[in-house]
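Engineer:
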Amino acid sequence: MATTSAPSSYPSCFSKPHSNLKDLNKTQLSYGPILQAKLTKQWRGFSSIGNGPRIRIPNKTEHFERRRRRNDGVVRCTAEGLERGILVGGGRRSSSSTEKVKVNVPERLKVVAMVAAVMCLCNADRVVMSVAVVPLAAKLGWSSSFLGIVQSSFLWGYIFSSVIGGALVDKYGGKKVMAYGVALWSLATLLTPLAANHSTTSLLAIRVVFGLAEGVAFPSMSTLISRWFPTQERASAVGLSMAGFHLGNVAGFLLTPIMLSSMGMSGPFILFSSFGLVWLMIWALKVSNDPKDSSYISKSELLLIQAGKTDSPVKNDKFPPLRLLLSKLPTWAIIFANVTNNWGYFVLLSWMPVYFKTVFNVNLKQAAWFSAVPWGTMAVSGFIAGTISDNLIKTGYSLTLVRKLMQSIGFIGPGVALLCLNYAKTPIAAAVLLTIALSLSSFTQAGYFLNMQDIAPQYAGFLHGISNSAGTFAAIISTIGTGYFVQWLGSFQAFLTVTAALYFAAAIFWNLFATGERVFYD
22 MATTSAPSSY PSCFSKPHSN LKDLNKTQLS YGPILQAKLT KQWRGFSSIG
72 NGPRIRIPNK TEHFERRRRR NDGVVRCTAE GLERGILVGG GRRSSSSTEK
122 VKVNVPERLK VVAMVAAVMC LCNADRVVMS VAVVPLAAKL GWSSSFLGIV
172 QSSFLWGYIF SSVIGGALVD KYGGKKVMAY GVALWSLATL LTPLAANHST
222 TSLLAIRVVF GLAEGVAFPS MSTLISRWFP TQERASAVGL SMAGFHLGNV
272 AGFLLTPIML SSMGMSGPFI LFSSFGLVWL MIWALKVSND PKDSSYISKS
322 ELLLIQAGKT DSPVKNDKFP PLRLLLSKLP TWAIIFANVT NNWGYFVLLS
372 WMPVYFKTVF NVNLKQAAWF SAVPWGTMAV SGFIAGTISD NLIKTGYSLT
422 LVRKLMQSIG FIGPGVALLC LNYAKTPIAA AVLLTIALSL SSFTQAGYFL
472 NMQDIAPQYA GFLHGISNSA GTFAAIISTI GTGYFVQWLG SFQAFLTVTA
522 ALYFAAAIFW NLFATGERVF YD
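Residue numbers (my numbering): 22 to 543.
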């Protein structure tokens, strides 16, 4: 310890212009000049050693420990981009010393919110035509058979663009492909009433273009979520995105009749195409293909995302090896699952109102809620499925086991519900069973829907396109085939039994050959 003749000559840390205590202003515990002087007086002591006074300077540990107990401090917590100021201690404090709470929403949450919004728009744009086609058919004098052709024209383009769109997503990323898709389908939506007034050929052509544009939505969604979310959060992210998709039905069914009555035939088409253009402007400015390319993401969130990925897919400029992909049974497990899911989904979607009218003689106008309730429950159950899946993965269960469990619930549950439907005696009981069937089917979102990223992250978009095209073809066959099957056998119950059997067969195939491990490497 140094000894001086006078306190003023001692070169202490308090008297230095760039002392350590002054530098505390740069730390999380800030002291002003007055407080600094007070501390100087408090800590400075004198004692005699020989002929001169001795100054006692506390070490840093003593200083911070005593100061922590006697004064207020501000604790700053930072986790995944979330910052907040928390006051601790019991001393006096003025209102000016209280820091404002600052909350930063994780960037990946903003991305999935944008994806959910566009998936809602994607489905709502489909529903607009399904509702508007009724007065349009009456106006133009279409027959029932031609009405079916108009309705199915969307699928003509959709079935081909899924594969092409998937390959484009793998090469250029989900942001660009999704943006071009939204721009094109919004334009097609806007031009639909004009095309209908011009000619039938124009209407069919614009519907094919609409289907081509929407075919890229699911591959883009799948790839973007795999880039932006760690493995243990992807199921929840897909659940949120698909909740938006299912709520698009609700938005379309609620808003389209209002717009038709208030603005005429063009009203709903103008409204939803405008939503698409607004979304597109925000998307172009705020979202990137990969979190590492984002200028908005925090370093802590980026590290969290990267640490939670088992594989880091690379950009691949080569055309996906179709023969190689189709040579593995896990690929066929995904394709069979997609076929089965779309078969059952579109059978219930297309024929549910007719089923209630034919079997129970229910007035479709009075029973509109029979068609509305399942979409709301699917949105909720899909998110629940994703949350359960992510929690199981976080607790240590293998990816393969979790994918098989979610897919089994999504197939066996609807199969059992459809078999029980044969014994329903009231429309209420039938509606409950159909709602259960559709709600449980949403568990497949945490099964085969995510499995493409598990087995082939570098070809996930293309693989999604292949399976989605096969599923779309199954949807066309099941939708058309149901009518012929019912006419041939005179019973809905028989076809529902066939659909249940398909669910069970797909569940068995999935549990035998599906895996959560990576199958295809670069």
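All residues carry an ideal CB built from backbone N, CA and C; glycine is no exception.
Excluding sequence positions up to five away, which residues of its chain have a Cβ less than 7 Å from the Cβ of Ser315?
Structural biologist: Glu128 and Ser309
Engineer: By the 10 Å Cβ neighbour count, where 16 or more other Cβ atoms means buried, how is Thr520 classified, buried or exposed?
Structural biologist: buried
Engineer: Here's the rule: buried if 16 or more other CB atoms are within 10 angstroms of the residue's CB, otherwise exposed. What is Gln479?
Structural biologist: Flag for Gln479 reads buried.
Engineer: Measuring CB atoms only, is the region 348-360 touching the region 465-476, in the sense that at least three cross pairs come out at less than 8 Å?
Structural biologist: yes
Engineer: For Thr421 and Tyr469, I'd like the C-alpha separation in whole angstroms.
Structural biologist: 11 Å
Engineer: What would DSSP say about Ser395, mapped onto helix, strand or coil?
Structural biologist: Per the sequence shown, the amino acid found at residue 395 is Pro instead of Ser. Pro395: helix per DSSP, three-state reduction.
Engineer: CA-CA distance, Asn382 and Tyr444?
Structural biologist: 16 Å
Engineer: Using 8 Å as the cut-off, can you tell me whether the region 479-490 makes contact with the region 317-327, which would need three or more C-beta pairs spanning the two stretches below that distance?
Structural biologist: The region 479-490 makes no contact with the region 317-327: fewer than 3 CB pairs, one atom from each, lie closer than 8 Å.
Engineer: Out of Leu439, Ile170, Val149 and Pro156, state which residue places its alpha-carbon closest to the alpha-carbon of Thr221.
Structural biologist: Ile170
Engineer: Please determine, among Phe175, Trp531 and Gly417, the residue with the shortest C-alpha to C-alpha distance to Gly232.
Structural biologist: Phe175
Engineer: Do Val437 and Gly265 come within 9 Å of each other at the CB atom, strictly closer than that value?
Structural biologist: no
Engineer: For the candidate residues Ser241, Leu212, Leu224 and Trp163, whose alpha-carbon lies nearest to that of Tyr201?
Structural biologist: Ser241
Engineer: Rank Gly397, Trp300, Gly329 and Trp163 by C-alpha distance to the C-alpha of Cys143 and give the top, closest one.
Structural biologist: Trp300
Engineer: Does the structure place the region 150-169 close enough to the region 193-209 that three or more beta carbon pairs sit under 8 Å?
Structural biologist: No, the region 193-209 is not in contact with the region 150-169.
Engineer: If you follow the alpha helix (DSSP H) that Lys330 is in, where does it begin and where does it stop?
Structural biologist: No alpha helix (DSSP H) holds Lys330; DSSP gives it neither H nor E.
Engineer: Taking Met263 and Gln514 to be in contact with their CB atoms under 8 Å, please state how far apart those CB atoms are, rounded to whole angstroms.
Structural biologist: The pair is not a contact, with the Cβ atoms about 29 Å apart (cut-off 8 Å).
Engineer: Check this for me: beta carbons of Ala451 and Tyr376, under 9 Å apart or not?
Structural biologist: Going by beta carbons, Ala451 and Tyr376 fall inside the 9 Å limit.
Engineer: With 16 other CB atoms within 10 Å as the buried threshold, where does Met399 fall?
Structural biologist: Met399 should be labelled buried.
Engineer: Helix, strand or coil, according to DSSP, for Ala535 in the structure here?
Structural biologist: In the structure shown, Ala535 falls within a coil segment according to DSSP collapsed to helix, strand and coil.
Engineer: Distance check for Ala272 and Ser247, CA to CA, integer angstroms please.
Structural biologist: Near 27 Å, if we compare the C-alpha coordinates of Ala272 and Ser247.
Engineer: Closest by CA to Leu345, which one among Asp411, Lys131 and Phe541?
Structural biologist: Phe541
Engineer: If the criterion is Cβ atoms closer than 9 Å, does the pair Gly537 and Phe464 meet it?
Structural biologist: no
Engineer: Tell me the rounded alpha-carbon separation between Ser282 and Ser151.
Structural biologist: 16 Å
Engineer: Would you decide whether Gln508 is buried or exposed? Buried here means 16 or more other CB atoms lie within 10 Å of its CB.
Structural biologist: exposed
Engineer: Quick one: using the 10 Å Cβ neighbour count with 16 as the cut-off for buried, is Pro395 buried or exposed?
Structural biologist: buried
Engineer: Roughly how many whole angstroms lie between the Cα atoms of Ile180 and Gly187?
Structural biologist: 12 Å
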